[in-house]
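One structure is given here, and the rest of the page talks about it.
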Amino acid sequence: MESGNAKAIATAYQIATLTYPSYEVFELLNPLPFERVLELLLIMRQSPRPVKSPVNFLRRAIQEGWSPETMPEKVDRHMEYLEENHYVRRGLTLDQAREKVQRNRQQ
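Residue numbers for the sequence shown, in my numbering: 52 to 158.
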């Protein structure tokens, strides 16, 4: 782990949220390029509602490839969960099922 990169991530997170990043947030952001970390923190900062769980927000932003130009959309998580389970029962892995659900949502 690069100590310079770690310090830069911590400082950027503090600027965006006025709090120090938790271990989970830090572990999520550390492997990413610093420019992507800044984009994710900008997305979090631009959120129209307060972010209750930064780690879940950032995880979803990474998984779904959010950019500062695309704002998060309201999603029925219960329906997504049921749809994912349907695909898993049909033989897909959980990751494949999530990708399929996300592709279906975008259509």
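Every residue gets a Cβ at the ideal spot worked out from N, C-alpha and C, and that includes glycine.
Exercise. Should I60 go down as buried or exposed, given a rule of 16 or more other Cβ atoms within 10 Å for buried?
Worked result: The residue labelled residue 60 in the question sits at position 9 within the sequence shown. When all chains shown are included, I60 counts as buried.
For this session: For I94, count neighbouring Cβ atoms within 10 angstroms of its own Cβ and tell me buried if that reaches 16, exposed if not.
Result: Here residue 94 corresponds to residue number 43 of the sequence shown, with the count starting at 1. Classification for I94: buried.
For this session: Please say whether L92 and A57 have beta carbons closer to each other than 8 Å?
Result: Counting from one through the sequence shown, the residue named residue 57 turns up at place 6. Counting from one through the sequence shown, the residue named residue 92 turns up at place 41. No, the Cβ-Cβ distance between A57 and L92 is not below 8 Å.
Exercise. CA-CA distance, N136 and A148?
Worked result: One-based indexing of the sequence shown puts residue 136 at position 85. One-based indexing of the sequence shown puts residue 148 at position 97. Near 8 Å, if we compare the C-alpha coordinates of A148 and N136.
Problem set entry | Burial state of L79, where buried means 16 or more other Cβ atoms lie within 10 Å | As a first step, residue 79 is located in the sequence shown; it is residue number 28 there, counting from the start. Burial call: buried.
For this session: Using 10 angstroms around the beta-carbon of L109, count the other beta-carbons present and answer buried if the total reaches 16, otherwise exposed.
Result: What you label residue 109 is simply residue 58 of the sequence shown in a count that begins at 1. Buried.
Problem set entry | Helix, strand or coil at Y74 according to DSSP, with G and I counted as helix | As a working mapping, residue 74 is identified with position 23 in the sequence shown. Reduced to three states, the DSSP call for Y74 is helix.
Exercise. Is the distance from the Cβ of Q97 to the Cβ of P119 below 8 Å?
Worked result: Translated into the one-based positions of the sequence shown, residue 97 becomes position 46. Translated into the one-based positions of the sequence shown, residue 119 becomes position 68. Going by C-beta atoms, Q97 is nearer than 8 Å to P119.
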